[in-house]
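First the structure, in the form of structure tokens, and then the observations on it.
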């Protein structure tokens, strides 16, 4: 179960497959698949393939507990938004999904996160391999101080995907809706791009290695409304090709882009407040008919 | 006084002990300024005396031909010794810097940084003695022994300097590289190091400048040499600048003294140009990182 062998789960990670595996998986999704949710669990009548199955996650930074008892399932091909006030553990949870927290001293995680049925924190799981499949885009655009082309080509080159590199770069830049703006200046420094362009370049860089999942940590929070609209537009085109998990402060943004939304908040019932998952449901339900009064207060703008 | 404003309507001239505090403040300011002026003055005086006393000796023949008319072999020998020293110290120093910034935790980095600072503070005569016992005693003097001694002197300078520029590479670069599933050594090699290259080259040049003038270890390692022929063979004693300056100044005739000043002038110019060039390079690469 802890083996992160790509073929173990009935799909092979890209490499030289003519059709991206993501498209095939949907057709292949069956109940025998390890990560499939049985329909009777209340998530609707269609069997959804589960990418992440977080089971009672507790996260600690040293003595401080950041997250308590988070259980949620993230489905393949959907956009899942994580919303909630600052400091409630959204980003911590997101970074736990591709083990970006590993390097933070004092970080500890209890419980289990299954990724396609494999324990993400299992003994023989390599965190480099995890991140190769689960890409991440950060809050602040962080292009390398290299040319636009080299930014996108860097990861494929270093992962040995050197065949048809130019096509790969073009495809990634087109995928990130940036190609038309930069095709005539691919050799220029990426640092000369605007903030919004830089962020789309970071998305292009992430999708150039065709990951299975894209984690977006408030990708538009440092951008102006027009650039934000471009990013949101882009997310719609990426939906289906990738499983996307996005952290956002902006509730309207979650409403516009996400299929399902998780509301995190601080659980103040204990001595020290700790981040907790309050509610996780369809985005429509979340905003029109939330079950928990705390969710209702948040989405109606009463706090946060 | 009770501590409040004495009289809000009084004219706005200094009151209370403000006058005394202003005097202390002025004295401090002038004292600090004077100290800075002294530092610059020392450099100016040294350079002035070297130039005024050494300029007479400078000629193409002096710089490029062998003894007795010139010091060419010493300049070549110092070049060879420092080159080998840098070839030893630079890879090691950069690797140590990479270890400190990219791999070690704080617990390991602290003692190693302290060790480097201690090596940096080691008197060069001690290093010379150590190398004498290790590579010269019961063997023979050699340029290589001098190179090893100078490498020990260069190592902490290169390692600490490189470490400082590596720390300037934003953490977000490493995070971006990590998130792409690329192994750490590859991101270090292709993202972190290229960004810091300017600073690494600079700290190396500064270390070279420092090593080129070190005298004490060379007296142990390579002081009995033939200054009449050009040699680049590091396995024999090589003529070199510091020892040549020393022996020239010990000569009984005034000509030797002028030549010692002349060679000092050559050395100080080389070091000065190298340092200035290195600092310009460093400033440029820092600006590039900041943007």
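Protein chains in written order, with this note's numbering: chain A, 44 to 347; chain B, 7 to 297. Don't be surprised by glycine CBs; every beta carbon is placed ideally from N, CA and C.
1) Who are residue 258 of chain B's beta bridge partners in DSSP?
2) With a cut-off of 8 Å, does the C-beta of residue 287 of chain A fall near any C-beta of chain B?
3) Go ahead and pull the three-state DSSP assignment for residue 34 of chain B.
4) Is there at least one Cβ from chain A nearer than 8 Å to residue 182 of chain B's Cβ?
5) Whole angstroms is fine: what's the gap from residue 344 of chain A's alpha carbon to residue 198 of chain A's?
6) Can you find a CB in chain A that lies within less than 8 Å of the CB of residue 187 of chain B?
7) Check for me: the beta strand (DSSP E) holding residue 322 of chain A runs from which residue to which?
8) Within this structure, are the beta carbons of residue 190 of chain B and residue 265 of chain B separated by less than 8 Å?
9) Which residues in the same chain as residue 216 of chain A place their Cβ atom closer than 7 Å to its Cβ, once the five residues preceding and following it in sequence are excluded?
10) Classify residue 311 of chain A: buried if its beta carbon has 16 or more other beta carbons within 10 angstroms, exposed otherwise.
11) Measuring straight from C-alpha to C-alpha, what distance separates residue 149 of chain A and residue 38 of chain B?
12) Comparing alpha-carbon positions, which option in B:88, B:65, B:20, B:233 lies nearest residue 221 of chain B?
13) Which runs of the beta strand (DSSP E) fall wholly inside the region 169 to 241 of chain A and span at least 3 residues, in chain order?
14) According to DSSP, simplified to helix, strand and coil, what is residue 26 of chain B?
15) Where residue 231 of chain A and residue 241 of chain A are concerned, what is the direct C-alpha to C-alpha distance, given to the nearest angstrom?
16) Three Cβ pairs or more, each shorter than 8 Å: is that satisfied between the region 183 to 201 of chain B and the region 172 to 186 of chain A?
17) Are there 16 or more other CB atoms within 10 angstroms of the CB of residue 133 of chain A, so buried, or fewer, so exposed?
18) Kindly examine the ligand HEM and report whether one of its heavy atoms sits closer than 7 Å to the Cβ of residue 142 of chain B.
19) Grouping DSSP H, G and I as helix and E and B as strand, with all else coil, what is residue 119 of chain B?
20) Report yes if the CB atom of residue 268 of chain A is closer than 8 Å to the CB atom of residue 180 of chain A, and no otherwise.
21) Thinking C-alpha only, which one of A:159, A:100, A:108 is nearest residue 314 of chain A?
22) Tell me which same chain residues have a C-beta within less than 8 Å of the C-beta of residue 375 of chain A, skipping the five on either side of it?
23) Indicate whether at least one CB of chain B lies closer than 8 Å to the CB of residue 143 of chain A.
24) Please list, in chain order, the chain A residues whose beta carbon lies closer than 7 Å to that of residue 192 of chain B.
25) When the Cα atoms are used, what is the spatial distance from residue 201 of chain A to residue 192 of chain B?
26) Helix, strand or coil: which one does DSSP assign to residue 345 of chain A?
27) May I have a chain-ordered list of the alpha helix (DSSP H) segments no shorter than 4 residues that lie completely inside the region 96 to 145 of chain B?
28) Just checking my contact of residue 60 of chain B with residue 69 of chain B at CB under 8 Å: how many whole Å lie between their CB atoms?
29) Report all residues from its chain with a CB closer than 6 Å to the CB of residue 80 of chain B; omit the five preceding and five following residues, and keep chain order.
30) What are the partner residues of residue 282 of chain A, as DSSP defines its beta bridges?
31) Which residue's Cα is closest to the Cα of residue 227 of chain B: B:200, B:135, B:166?
32) Compare the Cα-Cα distances from residue 268 of chain B to each of B:55, B:93, B:158 and report the closest residue.
33) When DSSP labels each residue in this structure, what does residue 306 of chain A get in the three-state scheme?
34) On the DSSP bridge list, what partners appear for residue 153 of chain A?
35) Here's a check: name, in chain order, each residue in its chain whose Cβ is nearer than 7 Å to the Cβ of residue 153 of chain B, leaving out the five neighbours to either side.
36) Inspect the CB distances between the region 270 to 281 of chain B and the region 203 to 214 of chain B and report whether three or more fall short of 8 Å.
On the basis of the data shown:
1) What you label residue 258 of chain B is simply residue 252 of the second chain in a count that begins at 1. In DSSP, residue 258 of chain B forms no bridge with anything.
2) Start at 1 with the first residue of the first chain, and residue 287 of chain A comes out as number 244. Not an interface residue.
3) In the second chain, the residue the question calls residue 34 of chain B occupies position 28. In the structure shown, residue 34 of chain B sits in a helix (DSSP, three-state: H, G or I).
4) The residue given as residue 182 of chain B occupies position 176 in the second chain. So yes, residue 182 of chain B belongs to the interface.
5) Within the first chain, numbered from 1, the residue matching residue 344 of chain A stands at position 301. Within the first chain, numbered from 1, the residue matching residue 198 of chain A stands at position 155. For residue 344 of chain A and residue 198 of chain A, the distance between alpha carbons rounds to 41 Å.
6) For this step, residue 187 of chain B is matched to residue 181 along the second chain. Judged by the 8 Å Cβ criterion, residue 187 of chain B is in contact with chain A.
7) Your numbering for residue 322 of chain A matches position 279 in the first chain. Looking at the DSSP string, the run of the beta strand (DSSP E) that includes residue 322 of chain A is 317 to 325.
8) Within the second chain, the letter at position 184 stands for residue 190 of chain B. Within the second chain, the letter at position 259 stands for residue 265 of chain B. No.
9) Position 173 of the first chain holds residue 216 of chain A. Taken in chain order, the residues that qualify are 195, 222, 225, 247.
10) Position 268 of the first chain, counted from the first residue, corresponds to residue 311 of chain A. That one is exposed.
11) Here residue 149 of chain A refers to the residue found at position 106 when the first chain is read from its first residue. Here residue 38 of chain B refers to the residue found at position 32 when the second chain is read from its first residue. If you take the alpha carbons of residue 149 of chain A and residue 38 of chain B, they lie about 45 Å apart.
12) Locating residue 221 of chain B in the second chain gives position 215, where the first residue counts as 1. For residue 221 of chain B, the nearest C-alpha among the options comes from B:88.
13) 177 to 180
14) Position 20 of the second chain holds residue 26 of chain B. The answer is helix: DSSP assigns residue 26 of chain B an H, G or I state.
15) Position 188 of the first chain, counted from the first residue, corresponds to residue 231 of chain A. Position 198 of the first chain, counted from the first residue, corresponds to residue 241 of chain A. Answer to the nearest angstrom: the Cα atoms are 13 Å apart.
16) Result yes; three or more Cβ-Cβ pairs closer than 8 Å.
17) Here residue 133 of chain A is taken as the residue at index 90 of the first chain, counted from 1. Flag for residue 133 of chain A reads buried.
18) Questions concerning the ligand HEM fall outside what the structure shown contains, since it holds no ligand whatsoever.
19) As a first step, residue 119 of chain B must be located in the second chain, where it is residue number 113. DSSP places residue 119 of chain B in helix when its eight states are reduced to three.
20) In the first chain, counting from the first residue as 1, residue 268 of chain A sits at position 225. In the first chain, counting from the first residue as 1, residue 180 of chain A sits at position 137. Not in contact: residue 268 of chain A and residue 180 of chain A (Cβ atoms no closer than 8 Å).
21) Translated into the one-based positions of the first chain, residue 314 of chain A becomes position 271. The candidate whose alpha carbon is nearest that of residue 314 of chain A is A:108.
22) Residue 375 of chain A lies beyond the residue range present for chain A, which begins at 44 and ends at 347; the question has no answer from this structure.
23) Here residue 143 of chain A refers to the residue found at position 100 of the first chain. Judged by the 8 Å Cβ criterion, residue 143 of chain A is in contact with chain B.
24) Taking the first residue of the second chain as 1, we reach residue 192 of chain B at position 186. Under the 7 Å cutoff, chain A gives 201.
25) Your numbering for residue 201 of chain A matches position 158 in the first chain. Your numbering for residue 192 of chain B matches position 186 in the second chain. Rounded to whole angstroms, residue 201 of chain A to residue 192 of chain B spans 7 Å at the Cα level.
26) Along the first chain, one-based indexing puts residue 345 of chain A at 302. When DSSP states are grouped into helix, strand and coil, residue 345 of chain A belongs to the coil group.
27) 112 to 127, 130 to 137
28) For this step, residue 60 of chain B is matched to residue 54 along the second chain. For this step, residue 69 of chain B is matched to residue 63 along the second chain. With 8 Å as the limit, residue 60 of chain B and residue 69 of chain B do not qualify as a contact, their Cβ atoms being about 12 Å apart.
29) Within the second chain, the letter at position 74 stands for residue 80 of chain B. Closer than 6 Å at the Cβ level, and outside the excluded window around residue 80 of chain B, lie 245, 246, 247, 250.
30) As a first step, residue 282 of chain A must be located in the first chain, where it is residue number 239. A:285.
31) In the second chain, residue 227 of chain B corresponds to position 221, counting from 1. Here the closest residue by C-alpha is B:135.
32) The residue given as residue 268 of chain B occupies position 262 in the second chain. Taking only the C-alpha atoms, the option nearest residue 268 of chain B is B:55.
33) Taking the first residue of the first chain as position 1, residue 306 of chain A is located at position 263. Strand at residue 306 of chain A.
34) Taking the first chain and counting its residues from 1, one reaches residue 153 of chain A at position 110. DSSP, once it has assigned bridges, lists A:101 as partnering residue 153 of chain A.
35) Position 147 of the second chain, counted from the start, is the residue given in the question as residue 153 of chain B. Cβ within range, chain order: 87, 90, 91, 94, 240.
36) Enough Cβ pairs lie closer than 8 Å, so yes.
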